[in-house]
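Structure first, commentary second.
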Amino acid sequence: HALKMPHDEL
Amino acid sequence: MNVFRLAGDVSHLVAIIILLVKIWRSKSCAGISGKSQVLFALVFTTRYLDLFTVFISAYNTIMKVVFLAMSYATVYLIYMRFRNMYDSENDTFRVEFLLVPVIGLSFLENYAFTPLEILWTFSIFLEAVAIMPQLFMITKTGEAESITTHYLFFLGLYRALYIANWVWRYHTEEFFDQIAVVSGVVQTIFYCDFFYLYVTRVLRGKAKMILP
Chain A
2 HALKMPHDEL
Chain B
2 MNVFRLAGDV SHLVAIIILL VKIWRSKSCA GISGKSQVLF ALVFTTRYLD
52 LFTVFISAYN TIMKVVFLAM SYATVYLIYM RFRNMYDSEN DTFRVEFLLV
102 PVIGLSFLEN YAFTPLEILW TFSIFLEAVA IMPQLFMITK TGEAESITTH
152 YLFFLGLYRA LYIANWVWRY HTEEFFDQIA VVSGVVQTIF YCDFFYLYVT
202 RVLRGKAKMI LP
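These protein sequence lines map, in sequence, to chains A and B. Taken in order, the first sequence gives residues 2 to 11; the numbers are from my numbering. Taken in order, the second sequence gives residues 2 to 213; the numbers are from my numbering.
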């Protein structure tokens, strides 16, 4: 469950 | 993008528009914490620095620019245009008590020890507590105009919808942003007490929310 970069949320 | 995320963003937008229009129409920022609004402007500024480094989508870029512009417009109205109406005597929350731990935490717990990532983490942690001066002000004066409570309601709704969005993303794309989720849940908890008062008082047609 690695974080997907870049941050795509506001 | 899913329906929870979109509805969350729209709620966030509605909250900010409600506040901006309220101040503009009434030509007053009475009952509004300028400190919370400065903190939100700082949140958007430090989080959206990636406007200059990555392109995610037109939606993402436009929303970021709109949030930035509206948060600065709100701060301008409170501290410049209608500063005579600014209730500084009741806006006495000590912001340094929020900033110092938030700065410290963002250096300790982040995804990468780079300036942009530390600032992003700072913005996530700061957003979790940025509403505290506003809630403190309402507790201090013991009341809030109903339009101010509508603003807080949509802000809290945005947070709740983002949690639904994370549950959805976890199950559909194995997405899990631990920093955002943990601070997002903490942030949502701050609104629970307010939600209760909002439903029991404001939605029953009271012009003001008077604290018990």
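Just so you know, even glycine gets a beta-carbon here, dropped at the ideal spot from N, CA and C. Computed from a prediction, not measured in an experiment: that's the story for all the values here.
- Within the region 61-75 of chain B, the residues whose Cβ lies closer than 9 Å to any Cβ of chain A are, in chain order, 61, 64, 65 and 68.
- Chain A places no beta carbon closer than 8 Å to that of residue 203 (chain B), leaving this residue out of the contacts.
- Of the residues assessed, residue 89 (chain B) falls on the exposed side of the cut-off, its CB having fewer than 16 other CB atoms within 10 angstroms.
- Collapsing the DSSP output to three states places residue 209 (chain B) in a strand.
- As far as DSSP is concerned, residue 10 (chain A) takes part in no beta bridge.
- Nearest in C-alpha terms to residue 65 (chain B), of all of B:179, B:17 and B:208, is B:17.
- Rounded to whole angstroms, the separation of the alpha carbons of residue 99 (chain B) and residue 183 (chain B) is 17 Å.
- In terms of beta-carbon proximity, residue 121 (chain B) lines the interface with chain A, with at least one pair separated by less than 8 Å.
- Residue pairing from DSSP leaves residue 175 (chain B) without any beta-bridge partner.
- For residue 51 (chain B), the nearest CB of chain A lies under 8 Å from its own CB, placing it at the interface with that chain.
- A contact is defined here as three or more CB-CB pairs under 8 Å, and the region 27-45 of chain B fails this definition with respect to the region 187-205 of chain B.
- Annotation: the continuous alpha helix (DSSP H) that includes residue 16 (chain B) extends over 4-27.
- Residues of the region 176-193 of chain B with a C-beta atom less than 9 Å from some C-beta of chain A are 176, 177, 178, 179, 180 and 181, listed in chain order.
- DSSP, read as helix, strand or coil, puts residue 118 (chain B) in helix.
- Residue pairing of residue 145 (chain B) in beta bridges, as defined by DSSP: B:210.
- The C-beta distance from residue 158 (chain B) to residue 58 (chain B) rounds to 23 Å, too long to meet the 8 Å contact threshold.
- When DSSP states are grouped into helix, strand and coil, residue 32 (chain B) belongs to the coil group.
- The alpha-carbon separation between residue 51 (chain B) and residue 173 (chain B) amounts to approximately 26 Å.
- Taking a C-beta distance under 8 Å as the contact criterion, residue 154 (chain B) and residue 197 (chain B) do not qualify as a contact pair.
- For residue 149 (chain B), same chain residues with a beta-carbon under 6 Å away, outside a window of 5 residues either side, are 32 in chain order.
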